[in-house]
């Protein structure tokens, strides 16, 4: 399930297990619909010049070789009441090889024109077998903090 617009659902945009958000698990070793693929964990989305830098991580199985994972980033008008989002407007697809270690920190760069200040961003992850996760939790695009403790 990639490059789709999913919005205005009464429930989660993508729901893999029992009703509601399915928690991520270490090493993503569980089974179920879509392998209960872990969703990306978005930490922040910060304006940096003409782009927005989205920091995220994904917990994947530890493997002896790296395999391609596909990350889809979306803008939405608002976050669901669950705290996880939907995918109103597809913004970016990233292909990243993962697997050498179980949890990997990454960053996506999205044009500020596509994701202005105050926008809500979410993401999904698709494993090498084509299993797509639920939508990530939402993060709101913030301005870059210039002074940590005020003016100096």
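Numbering (this note's numbering), first residue to last: 3 to 154.
Every residue, glycine too, gets a C-beta built ideally from N, C-alpha and C.
Computed from a prediction, not measured in an experiment: that's the story for all the values here.
Extent of the continuous beta strand (DSSP E) run through residue i
| i | result |
| --- | --- |
| residue 47 | 43-50 |
| residue 145 | Counting along the chain, residue 145 falls outside any beta strand (DSSP E), and DSSP gives it neither H nor E. |
| residue 99 | 91-100 |
| residue 73 | 69-78 |
| residue 60 | 53-61 |
| residue 123 | 122-128 |
Residue i and residue j closer than 8 Å at C-beta
| i | j | result |
| --- | --- | --- |
| residue 37 | residue 129 | yes |
| residue 135 | residue 126 | yes |
| residue 144 | residue 48 | yes |
| residue 61 | residue 86 | no |
| residue 81 | residue 122 | yes |
Which listed residue (the options) has its alpha carbon closest to that of residue i
| i | options | result |
| --- | --- | --- |
| residue 74 | 25, 119 and 112 | 112 |
| residue 65 | 106, 53 and 45 | 106 |
| residue 97 | 70, 80, 22 and 82 | 70 |
| residue 89 | 31, 138, 24 and 101 | 138 |
| residue 52 | 140, 119 and 142 | 119 |
| residue 84 | 147, 141, 95 and 29 | 141 |
| residue 34 | 133, 144 and 81 | 133 |
| residue 108 | 23, 59 and 114 | 59 |
Exposed unless 16 or more other CB atoms sit within 10 angstroms - verdict on residue i
| i | result |
| --- | --- |
| residue 117 | buried |
| residue 67 | exposed |
Min CB distance residue i to chain C below 8 Å
| i | result |
| --- | --- |
| residue 146 | Considering every chain present, this structure includes no chain C. It has just one protein chain. |
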